[in-house]
Amino acid sequence: MSLTDTGVTERIANTSPPDAGRPRRRLTERLLAVRELSLLLALGALILVTMLHNDRFLSSQSIKDLLLGCAILVILAVGQTLVIITRNVDLSVGSILGLVAFATGELFLAAPGTPWPAALLLGVALGAVCGAVNGGLIAVAKVPALVITLGTLYAFRGIDYYWAAGQQINAADMPRSFLRLGNQTLLGVPVLFLVALVVVAAAGFYLHSYRSGRELYAIGSEPAAARLSGVPVGRRVFAVFVASGALAGLAGVLYAARFGTLDAAAGTGLELQVVAAAVVGGVAIFGGSGSVFGAALGAVLLTTIGSSLAVLRIDPFWQQAVVGALILAAIGLDRLLAARMAARLRGRSARGA
Amino acid sequence: MFTSRRLRLGATALTLTALVLGSAGCGGTTRENSGTDAGGAQASGAANPDAPIKEGLKIAFLPKQVNNPYFTTADNGGKEAVTEVKGEFKEVGPSEASASSQVSYINTLSQQGMDVIVTSANDPNAICGALNQAKAAGAKIVTFDSDTKPECRQIFVNQVTAQGIAENQVKLISEQIGGEGEIAILSATANATNQNAWIELMKQELKKPEYSKIKLVTVAYGNDDDQKSFQETQGLLQSYPNLKGIISPTTVGVAAAARYLSGSQYKGKVKLTGLGTPNQMREYVKDGTVDAFALWSPADLGYLAAYAGAALASGQITGAEGDKFKAGKLGEFTVGKDGVVVLGPPTVFDKNNIDQFQF
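In order, the protein sequences belong to chains E and Z. Residue 313 in the numbering used here sits at position 328 of the first sequence; the count goes up by one each step and never skips. For the numbering used here, add 50 to where a residue sits in the second sequence, where the first one is 1.
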């Protein structure tokens, strides 16, 4: 079901021939608008309700906190979106983040003078290596990514545990310049959030405008058909996992800068939040559809839910249930919209032909 | 066909073996239960305070989880003590702090003929059966940091009494906010037993006349997660504009709250104290975010637990109330009610003394 309608959407978004261009294009735009718009509406409603309860929720400090809080999740959600679009999933991102965060701390312990850009590059490289392990295993073993990354989730975490051996790295062990990166602002906007914006914009542009980017959607819509059309499926999927790993590595370095306290358990359980952000953001879990903008908004929404529940002083025993209900509501809404759109598209093509 | 039949035969044989072993295990349990009773009777027998500490005792540490910095430090303290009494030190443990994960480790330790098992229980009940078996096999059981049911061990080394923590934390925050104003507590999870006990006692403590101008507005729960603790700290500061101070009696919470405050407009204006390790808080004490916080020394805790185990295994003490033993550099300790030994009041760290501590 989701495959058919998403396939249709993508084909329209892809080609838009000049003759039948106008009405169809408007439709596409509307469809795209609806997905991200519904998220923006939900976000707006949430902020409004919280603000009515407490007007300090929109103070400059609070907005800064919100943007800072979602940056890491946004970066991870972008990587996850690339993977999910190809009808795969990467469950190892939390472990890669933890491993890279710890490695960053270790790097500063071993070489205190390391400039932070070098640490950033090394972190991204280590993440990419982990991603390449995922991609390589999937290509060689021909086993679903879910199973492989479930394995590497434990494997990477295990390496982290072995390496850490119970050690904790603290803020005092890392250079001030690096820690400042974690809560510095540029024109009032946290640097971390700017990094996330750059990542979202780059990935969004790539997916939208590059041939290989479009091919990712084709792979997710129907891998067999994509292969028959000459899309190098194996190579693309491998590249996507490397990208996801590299982004998780970037997120790991930023995690170290932001929290300053690191042990082997950093980022445990984060992968599920990341998948939730992508799904809430309208990325179809069976691939072939979705945008990084939606996923990024999903991440922002989830983080804001967490913050506003804290401000609204919801009973802690209820908080997780409320988050779950909101996720289900978001997915339900998305599903409803998709179903209606599919029905409308069917009607149109029947009439149009 | 042939292979599959052979496989099936093999499987049957395996099942049978398992059954036989299983029932043997059950038999063992019954026998060892009676052994436990004997052990219990022994505990009430006389101790010989003059008995020398035996050499070559095999002392094993089984923390809640390995790879937890707190327990690594505690176990290293234990190792130091074991070296001092010329024993054999061993550390094993699960990587996850789940209720039942310690059982298999206890069974293995007991099979290896350990003289003392020093453990911090993930669950007060789940490991009782295994501990009783180990006791019956001759091992002395000491718990530290986190107790089991009293009948499953001989001695519990408590880092500090709950009352001691509550008094210390309330006193610290009162000093820092000048004795009046709104305060909040940032705890771990909403159903953490020790946290809730401390919070309850802090509320009692706040009823004292000298704290009458301090108002506890709420308790928030950071789930011992960095991100969640960040968000809860933000939530507290937004919901309570007049907030003067935060108590976070959990190492994850206090570090996350300090990190948040250090990068916000509230730095130095909203006071923070709690239970944290000097290493993780050093940065925030030096940059002026945090004035003072407290913790017991995990290394001393492990050290004391190891000495208590050695004293038990040498017959100096039996775990009865009033027994006395010497714990190396820490001096003499007396066993209290229910076999509890208390390490002492928590140490307060501030910018004058923090550099003397490395854990």
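Quick reminder that beta carbons are idealized off the backbone N, C-alpha and C, glycines included.
Item, Value
"Near-chain Z residues of the segment 277 to 304 of chain E (beta-carbon distance less than 7 Å), N- to C-terminal order", "GLY291, SER292, ALA295, VAL296, ARG298, PRO301 and PHE302"
"Among E:HIS38, E:LEU76 and E:SER229, the one whose alpha carbon lies nearest that of VAL109 (chain E)", "E:SER229"
"Interface flag, THR243 (chain Z) vs chain E, CB-CB below 8 Å", "no"
"Contact residues within the segment 270 to 284 of chain Z, judged by C-beta distance below 9 Å to chain E", "ALA270, TYR271, ASN273, ASP275, ASP276, GLN277, LYS278, PHE280, GLN281, GLU282, THR283 and GLN284"
"With 16 other Cβ atoms within 10 Å as the buried cut-off, status of ARG329 (chain E)", "exposed"
"Beta carbon proximity, THR99 (chain E) to chain Z, threshold 8 Å", "no"
"When E:VAL78, E:TYR195 and E:ALA86 are compared against ALA242 (chain E), the one with the closest alpha-carbon", "E:ALA86"
"Cβ distance (whole Å) where SER145 (chain Z) is taken to contact VAL116 (chain Z) below 8 Å", "6 Å"
"CB of GLY143 (chain Z) within 8 Å of CB of PRO113 (chain Z), strictly", "yes"
"Opening and closing residue of the beta strand (DSSP E) in which ALA234 (chain Z) lies", "231 to 237"
"Uninterrupted alpha helix (DSSP H) stretches inside the segment 162 to 233 of chain E (no shorter than 4 residues)", "176 to 194, 196 to 206 and 208 to 213"
"Helix, strand or coil at SER342 (chain E) according to DSSP, with G and I counted as helix", "There is no way to answer for residue 342 (chain E), as the model of chain E reaches only from -14 to 338."
"Local conformation of ASP400 (chain Z) per DSSP, three classes", "strand"
"Buried versus exposed call for TRP303 (chain E) [16 or more other C-beta atoms within 10 Å across all chains shown]", "exposed"
"9 Å Cβ cut-off: residues of chain Z touching ALA150 (chain E)", "VAL116, ASN117 and THR122"
"Counted within 10 angstroms of its Cβ, other Cβ atoms place ARG55 (chain Z) as buried (16 or more) or exposed", "Reliability of the predicted coordinates at ARG55 (chain Z) is poor, the pLDDT of 45 falling under 50, and no value is obtained from them."
"Residues near VAL302 (chain Z) in its chain [Cβ-Cβ closer than 8 Å; skip 5 each side]", "ALA238, GLY272, ASP274, ASP275, ASP276 and SER279"
"Per DSSP, the bridge partner or partners of ALA249 (chain E)", "DSSP lists no partner for ALA249 (chain E)."
"Min CB distance TYR146 (chain E) to chain Z below 8 Å", "yes"
"Listed by chain order, chain Z residues near PHE93 (chain E) by CB distance under 7 Å", "What PHE93 (chain E) touches in chain Z: nothing, since even the nearest Cβ is about 13 Å away."
"Outcome for ASP165 (chain Z) when other beta-carbon atoms lying within 10 angstroms are tallied against a minimum of 16", "buried"
"Interface residues of the segment 233 to 267 of chain E facing chain Z [CB-CB below 7 Å]", "PHE244, GLY245, THR246, ASP248 and ALA249"
"Cβ of GLN65 (chain E) within 8 Å of any chain Z Cβ", "no"
"Through-space distance from ILE233 (chain Z) to LYS294 (chain Z), alpha-carbon basis", "6 Å"
"Under 9 Å by beta carbon: chain E residues contacting THR268 (chain Z)", "ARG298"
"Runs of beta strand (DSSP E) lying entirely within the segment 324 to 385 of chain Z, each at least 3 residues, in chain order", "342 to 345, 374 to 376 and 382 to 384"
"Residues that LEU322 (chain Z) bridges to, as DSSP identifies them", "Z:ILE296"
"Terminal residues of the alpha helix (DSSP H) in which VAL220 (chain Z) lies", "212 to 227"
"Distance between TYR261 (chain Z) and ALA101 (chain Z) (C-alpha atoms, nearest Å)", "49 Å"
"Contacts of PHE87 (chain E) in chain Z (Cβ-Cβ under 9 Å)", "Here the premise fails: no neighbours, minimum Cβ distance about 11 Å."
"Contacts that GLY33 (chain Z) makes with chain E (C-beta to C-beta distance below 8 Å)", "Limits of chain Z in this structure are 51 at one end and 409 at the other, which puts residue 33 (chain Z) out of reach."
"Cβ-based neighbour list, ASP145 (chain E), same chain, cut-off 6 Å, excluding 5 preceding and 5 following", "GLY83, LEU84, PHE87 and ALA249"
"Members of the segment 31 to 43 of chain E near chain Z, C-beta cut-off 8 Å", "ASN39, ARG41 and PHE42"
"Cβ of GLY349 (chain E) within 8 Å of any chain Z Cβ", "The structure shown has nothing for residue 349 (chain E), since chain E only spans -14 to 338."
"Contacts that SER47 (chain E) makes with chain Z (C-beta to C-beta distance below 8 Å)", "GLN284 and GLN288"
"Best match in E:SER206, E:LEU53, E:ALA269 and E:GLY79 for proximity to LEU61 (chain E) [C-alpha to C-alpha]", "E:GLY79"
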